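Asker:
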Amino acid sequence: MQIFVNSKYDFVKWRFYAVSFSVIFMLIGLAAYLKHGINWGIDFAGGATITLRFKDAVPMDRLRADLAAASIQQYGKAGDNAVLIRLPELSKETDYAGQVVAKINNDLNPQTTTKLDINFHGKDRLTELLASADPDGKGSSPAARDYYKNIAQNIVTRRSELGVFTNMSQATSAPGVTTRIAGFLNDKCFLGAFNLLNQETVGPQVGHDLQQKAIWAVVLSTLAMGVYLWLRFDLMFGASAIVCIIHDVLMSLAFLMMINGEFSLNIVAALLLIVGFSINDTVVMYDRVRENRRKLKTRMSLEEQLNLAMNQTLSRTILTSGSVVIVLIALILLGGKVIHEFAWILLIGVLAGTYSTVTIVPAVAIAWNNLTGRKHDLSGPVKGPVRVETKPPVVPPAQRKRKAG
Amino acid sequence: MTRGLLWKVIIILAVLVGFAAAMIPTNDNPEPIRRGLDLKGGTHLVMRVNVGDAVRLETDQGAEMLKGQAKKSNLPIPATRRVNDTTFIAALPADTPTTEYEKIAKDYLGSFDVSRTPEGALQFKLKPAGQTALERDTIAHTVETIDNRVNALGVTEPYIATEGANRIVIELPGVDDPARVKDIIKTTAQLQFRLVEGDPGSTPDAAMTNVPANMKTEVDVLPGTREDALGRAAGVEYYAVRKTVPVTGTDLKNARVTKGQMGQPNVGFSWNPEGARKFGDLTGQNIKRRLAIVLDNKVVSAPVINSQINESGVIEGNFTPQQAADLALVLRSGSLPASLTTLEERTVGPSLGRDSIRQGVLASVVGFIALILAVLLFYKGAGINAVLALLLNLVILLGMMALFHATLTLPGIAGIILTLGMAIDSNVLVFERIREELRDGKMVRAAIENGFSRAFGTIIDTHMTTIISALFLFQFGTGPIKGFAVTLLIGLFASVFTAFFVSRVIFDVMYKPQDRPTEMSI
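Protein sequence lines correspond, in order, to chains A and B.
First residue of the first sequence? That's 1070 in my numbering, and the numbers climb one at a time after it.
First residue of the second sequence? That's 4 in my numbering, and the numbers climb one at a time after it.
(1) Could you check whether the Cβ of alanine 1338 of chain A sits closer than 7 Å to any Cβ belonging to chain B?
(2) Does serine 1076 of chain A come within less than 7 Å of chain B when only Cβ atoms are used?
(3) I want to verify the contact list: residues of chain A whose CB lies under 8 Å from the CB of leucine 413 of chain B, in sequence order.
(4) Would you please state the rounded distance, in angstroms, between the beta carbons of histidine 1316 of chain A and serine 1089 of chain A? I believe it to be under 8 Å.
(5) Kindly list, in the order they appear in chain A, the residues whose Cβ is closer than 7 Å to that of methionine 467 of chain B.
(6) Using a C-beta cutoff of 7 Å, does glutamine 1239 of chain A count as contacting chain B?
(7) Using DSSP with H/G/I as helix, E/B as strand and the rest coil, what is lysine 301 of chain B?
(8) For chain A, is any of its Cβ atoms less than 7 Å away from the one on threonine 410 of chain B?
(9) Can you give me, in chain order, the residues of the region 339-362 of chain B that have a beta carbon less than 7 Å from any beta carbon in chain A?
(10) Which of the three DSSP states is assigned to alanine 97 of chain B in this structure?
(11) For leucine 1059 of chain A, which residues in chain B fall below 7 Å Cβ to Cβ?
(12) On the three-pair Cβ rule with 8 Å, is the region 384-394 of chain B touching the region 1310-1325 of chain A?
(13) For aspartate 1256 of chain A, which residues of its own chain have a beta-carbon under 6 Å away from its beta-carbon, when the five flanking residues on both sides are left out?
(14) Kindly list, in the order they appear in chain A, the residues whose Cβ is closer than 8 Å to that of proline 324 of chain B.
(15) State yes or no: is the beta carbon of glutamate 1162 of chain A nearer than 7 Å to at least one beta carbon in chain B?
(16) So, under 8 Å CB-CB, isoleucine 187 of chain B and leucine 48 of chain B are touching, yes? Tell me the CB distance rounded to an integer number of Å.
(17) Can you find a C-beta in chain A that's less than 7 Å from the C-beta of glutamate 522 of chain B?
(18) Considering only the alpha carbon of each residue, which of B/Ala132, B/Ser118 and B/Val499 lies closest to threonine 461 of chain B?
(19) Return the chain-ordered list of same chain residues with a C-beta closer than 7 Å to the C-beta of lysine 1077 of chain A, the five sequence neighbours on each side being excluded.
(20) Using 10 angstroms around the beta-carbon of glutamate 61 of chain B, count the other beta-carbons present and answer buried if the total reaches 16, otherwise exposed.
(21) Which term fits phenylalanine 479 of chain B, buried or exposed, when burial requires 16 or more other beta carbons within 10 angstroms of its beta carbon?
(22) For the region 432-444 of chain B, which residues have a CB atom closer than 8 Å to at least one CB atom of chain A, in sequence order?
(23) Could you round the C-beta distance between threonine 350 of chain B and proline 181 of chain B to whole angstroms and report it? I think they count as a contact, below 8 Å.
(24) Excluding the 5 residues preceding and the 5 following valine 260 of chain B in the sequence, name in chain order all residues of the same chain whose CB lies nearer than 8 Å to its CB.
(25) Taking 8 Å as the cut-off, does the region 1223-1234 of chain A touch the region 348-363 of chain B (at least 3 CB pairs, one atom from each stretch)?
(26) Residues of chain B with CB under 8 Å from isoleucine 1395 of chain A, in chain order?
(27) Tell me where the beta strand (DSSP E) around valine 49 of chain B begins and ends.
(28) Going by beta-carbon coordinates alone, are tyrosine 242 of chain B and alanine 143 of chain B separated by less than 7 Å?
(29) Contact criterion: CB-CB distance below 7 Å. Does arginine 1385 of chain A meet it with respect to chain C?
(30) If you follow the beta strand (DSSP E) that arginine 84 of chain B is in, where does it begin and where does it stop?
(31) Flag glycine 113 of chain B as yes when its Cβ comes closer than 6 Å to any non-hydrogen atom of the ligand ADP, and as no otherwise.
(32) So, with DSSP's three-state summary, where would you put tyrosine 104 of chain B?
(33) Using beta carbons (cut-off 7 Å, strictly below), is isoleucine 463 of chain B in contact with chain A?
(34) How is the beta strand (DSSP E) around alanine 124 of chain B delimited, first residue to last?
(35) Check the Cβ-Cβ distances between tyrosine 471 of chain B and every residue of chain A, and say whether any is below 7 Å.
(36) Since aspartate 1350 of chain A and threonine 1386 of chain A are thought to touch, with beta carbons under 8 Å apart, how far apart are those beta carbons, to the nearest angstrom?
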């Protein structure tokens, strides 16, 4: 199947509409930013997040009363009974999340009982309990310990599959649990209110360091890219490539602002990928412009050169971006919560990268060309080993055709 | 098939088999591609080693050394005062020649620079080189101790490394009781045996009342647990213990949980010969006195010495079985030379990891299949070529990750799938060129030749730009992002290989020059 065979779209003509669209999009993003600022994730802001999955309905009022400073939101589907608790930064460095989890555990679970909470504790505690009580009469050899460790592991694996135990029979039906162990578990264990899915603490120093690193990474990689293209092509292309990268990154950021998404380390990774990937379309197009110049037979303005190259590479641009977009849509639809925003930002970046190659890049290149005396309107072969003919390199301004657009 | 082409096919098959073999789990290496903590659950910790602790200790020990040697040489003992972490000042008695002390400093305190203060006292400052070496040793010793403890806990495949000047990164896969593990890691476990002066009291002041007047400045008041008549914990009480520490836990040979007479768990310990000698001296000379067992500046217990003890002893202290086991563990693994501060902690419960990997893999597989279908739809026969190159790319990528012991993280999965998207780009560039050449009326062989050679420069450029951004990701990223950058870099190199070499060979096999092919499915 072939698409865009010998297409002759006048991309250059559309560039002002495109620039307007991008500016409006970014302004909406800016408005969203002014409205609620950047939603820094704990990677950068510091603080703690805790994800808990409850056995029954989430005791929202208790949690809110306990944790006045926290923001508490539902995590996953409504029926999951899971919450994500976000706590603001503490100025001192400490095991913040751990302390809060201990506090919630204290408040929601009975602390007077000597029974073990098998929704909260892990396999080590359970192994310890089983091995010291030895319900199956295996003795105290290392082999006996392994036997109980294995059973404890099976019980915890079962809990992992379910998310949380809602009744004791789910635990006692784990593989390897004998009738005696089941009786022992019923006797000596109980199901606490929640299972801890995730806890994170980032101290203020680490958050600050990460923020610095992220900014440097994006800025330096953009500059490095511009320098590479400047050396490989020329200053005009290097400069328009940098504008193109900044455009793509800003479009993605504007989108992040609009959805008020969390600015996390994963988002920085996505932005760096956009810097590297969205420029590819531009590189391919430039390569084509340069190649065309080498075999140029007739006079051609920069506008015509750009249009020709963009049309020649159009089907490649669409196919490649299309393949990546297909993959990203799969990630967005099926990839789960953790990579959802990451995939969205990449998608916007890839789309912006494709679109900016045929709109923003020509706009910058043409503006540059106009400001520098239209040196890039070429009339014959300029580079490469074979020089077929020689004509005056610069066309007098009076003879210029009217610019498109 | 020509000889050259045959060799190329053999190379490709060798690469395929080699990398596929690297991915196969064996008994020695059950998980060739290490899954990150976000996929299998576990704890990621970043801790700061407070190296100042060790420096301070070194300075204090210098002061003790000076006093000890002065006593041995029958010189008046100078009063010492620590000014900061690295410096202490010894005020010398007026009637003694300072040369005697300078001789001690020269013989025993070589790691200090000695100078005179305007008041005529001696100032000892730790040499900068010595301080640097000490800090380095402290970090190394801390890593080793944590490693011992983590291994003793039975954590499989822990990762412990230093980061920057004084940070330690600890990754503990599969740990599902992070609070306990953190406690064990962070316990400095500095065990000391110090003589008690006077009687314990319910307040720090009460503890000082019975201390002999000449000892008042020679003691520290430390908290301990008060026991009721049945030996159960009942509040806090304070002990005045001597500042000098005759015996520390560094000379311990072993520690383990023992059962007391009532069946309560205790921690039994035994000494190495050096420790046995010191402990024997201490207990032999101080029969009927109280000896405080101090752990991390808390009095665990303070029994009365009934007889000289040489080889071994028992710490009794109202332990739960778990506490006794954990204490024995940290004593066995040695004490930390400095305290630790948690800077960052991320714990992923096993359920979340399981969900993430299921969704991540599902999304990737669906995305990959969609990609293959799209390529086949667009390029028909040549699409098969692209798909083969893509599959080989995937094998190389995963194989390389196994060989480099790279960690597969959730963003890493997205990185793999994105890399495959870029690999497709190389094929697309070549194929589009071939189509153009064919449209221009070139023969199949010429179109293939030109397609590859013309696309070459472009492909190098697109890869270079992405490599630049991957290098920055690697340089500035942490943890999962670093893993992601590695995935991306490997994938980029693999895609140059598959797009130019493999794809080319497949076309050479499909459209042999000697057959003079006139039709091409593309």
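We treat Cβ as the ideally placed atom computed from N, Cα and C, and that holds for glycine.
Keep in mind it's a predicted model, so treat the numbers as computed, not measured.
Answerer: In brief:
(1) Here the question's residue 1338 of chain A lines up with position 269 in the first sequence. True, the Cβ-Cβ gap to chain B drops below 7 Å.
(2) To locate residue 1076 of chain A, count along the first sequence from 1; it is residue 7. Closer than 7 Å: no.
(3) Taking the first residue of the second sequence as 1, we reach residue 413 of chain B at position 410. At a C-beta separation below 8 Å, leucine 413 of chain B has these neighbours in chain A: Val1407 and Ile1408.
(4) As a position in the first sequence, residue 1316 of chain A is number 247, starting the count at 1. As a position in the first sequence, residue 1089 of chain A is number 20, starting the count at 1. Beta-carbon to beta-carbon, histidine 1316 of chain A and serine 1089 of chain A are separated by about 13 Å, too far to satisfy the 8 Å threshold.
(5) To locate residue 467 of chain B, count along the second sequence from 1; it is residue 464. For methionine 467 of chain B, the chain A residues whose C-beta falls within less than 7 Å of its own C-beta are Tyr1297, listed in chain order.
(6) Within the first sequence, numbered from 1, the residue matching residue 1239 of chain A stands at position 170. No, no contact with chain B.
(7) If you number the second sequence from 1, residue 301 of chain B lands on position 298. In the structure shown, lysine 301 of chain B sits in a strand (DSSP, three-state: E or B).
(8) To locate residue 410 of chain B, count along the second sequence from 1; it is residue 407. By this cut-off, threonine 410 of chain B is not an interface position.
(9) The region 339-362 of chain B vs chain A, Cβ under 7 Å: Thr344, Thr345, Leu346, Glu347, Glu348, Arg349, Thr350, Val351, Gly352, Pro353, Ser354, Leu355, Arg357, Asp358, Ser359 and Gln362.
(10) Here residue 97 of chain B refers to the residue found at position 94 when the second sequence is read from its first residue. In the structure shown, alanine 97 of chain B sits in coil (DSSP, three-state: anything other than H, G, I, E or B).
(11) Absent from the structure is residue 1059 of chain A, since the part of chain A shown begins at 1070 and ends at 1474.
(12) No, the region 384-394 of chain B is not in contact with the region 1310-1325 of chain A.
(13) Position 187 of the first sequence, counted from the first residue, corresponds to residue 1256 of chain A. Contacts found: none.
(14) Locating residue 324 of chain B in the second sequence gives position 321, where the first residue counts as 1. Neighbours of proline 324 of chain B across chain A, judged by C-beta separation under 8 Å: Glu1197 and Ser1201.
(15) Looking up residue 1162 of chain A in the first sequence gives position 93. The C-beta of glutamate 1162 of chain A comes closer than 7 Å to at least one C-beta of chain B.
(16) Position 184 of the second sequence, counted from the first residue, corresponds to residue 187 of chain B. Position 45 of the second sequence, counted from the first residue, corresponds to residue 48 of chain B. Not really, about 12 Å apart at Cβ, beyond 8 Å.
(17) For the purposes of this step, residue 522 of chain B is taken as residue 519 along the second sequence, with counting starting at 1. Closer than 7 Å: no.
(18) In the second sequence, the residue the question calls residue 461 of chain B occupies position 458. Per the Cα distances, B/Val499.
(19) Against the first sequence, residue 1077 of chain A aligns to sequence position 8. Setting aside the 5 residues that flank it on each side, lysine 1077 of chain A is surrounded in the same chain by Asn1380, each with a C-beta closer than 7 Å to its C-beta; the list follows chain order.
(20) Residue numbering aside, residue 61 of chain B sits at position 58 when the second sequence is read from its first letter. Buried is the label assigned to glutamate 61 of chain B, since at least 16 other Cβ atoms lie within 10 Å of its Cβ.
(21) For the purposes of this step, residue 479 of chain B is identified with residue 476 of the second sequence, where counting begins at 1. Flag for phenylalanine 479 of chain B reads buried.
(22) Hits within the stretch, in order: Leu432, Glu435, Arg438, Glu439 and Arg442.
(23) Along the second sequence, read from residue 1 onward, the residue named residue 350 of chain B stands at position 347. Along the second sequence, read from residue 1 onward, the residue named residue 181 of chain B stands at position 178. With a Cβ gap of about 5 Å, threonine 350 of chain B and proline 181 of chain B count as contacting.
(24) Position 257 of the second sequence holds residue 260 of chain B. Answer for valine 260 of chain B: Pro268, Asn269, Val270, Gly271, Pro324, Ala327, Ala328 and Ala331, listed in chain order.
(25) With three or more CB-CB distances shorter than 8 Å, the region 348-363 of chain B counts as touching the region 1223-1234 of chain A.
(26) Looking up residue 1395 of chain A in the first sequence gives position 326. Residues of chain B passing the Cβ test: Gly370, Ala373, Leu374 and Ala377.
(27) On the second sequence, position 46 is the one that residue 49 of chain B refers to. Looking at the DSSP string, the run of the beta strand (DSSP E) that includes valine 49 of chain B is 45-52.
(28) Stepping through the second sequence from its first residue, residue 242 of chain B is reached at position 239. Stepping through the second sequence from its first residue, residue 143 of chain B is reached at position 140. For tyrosine 242 of chain B and alanine 143 of chain B, no; Cβs fall outside 7 Å.
(29) In the displayed structure, chain C is absent; the protein chains listed are A and B.
(30) Locating residue 84 of chain B in the second sequence gives position 81, counting from the first residue. For arginine 84 of chain B, the uninterrupted beta strand (DSSP E) run begins and ends at 82-87, by DSSP.
(31) The ligand content of the structure shown is nil, which means the ligand ADP is not present either.
(32) Counting from one through the second sequence, the residue named residue 104 of chain B turns up at place 101. Reduced to three states, the DSSP call for tyrosine 104 of chain B is helix.
(33) As a first step, residue 463 of chain B is located in the second sequence; it is residue number 460 there, counting from the start. Taking Cβ atoms only, chain A never reaches closer than 7 Å to isoleucine 463 of chain B, which makes this a no.
(34) Counting from one through the second sequence, the residue named residue 124 of chain B turns up at place 121. In the DSSP assignment, alanine 124 of chain B falls outside any beta strand (DSSP E) and carries neither an H nor an E.
(35) Sequence index remark: in the second sequence, residue 471 of chain B carries index 468 (1-based). Note that residue 471 of chain B is isoleucine in the sequence shown here, rather than tyrosine. The beta carbon of isoleucine 471 of chain B sits closer than 7 Å to some beta carbon of chain A.
(36) Indexing the first sequence from 1 puts residue 1350 of chain A at position 281. Indexing the first sequence from 1 puts residue 1386 of chain A at position 317. Beta-carbon to beta-carbon, aspartate 1350 of chain A and threonine 1386 of chain A are separated by about 5 Å, close enough to satisfy the 8 Å threshold.
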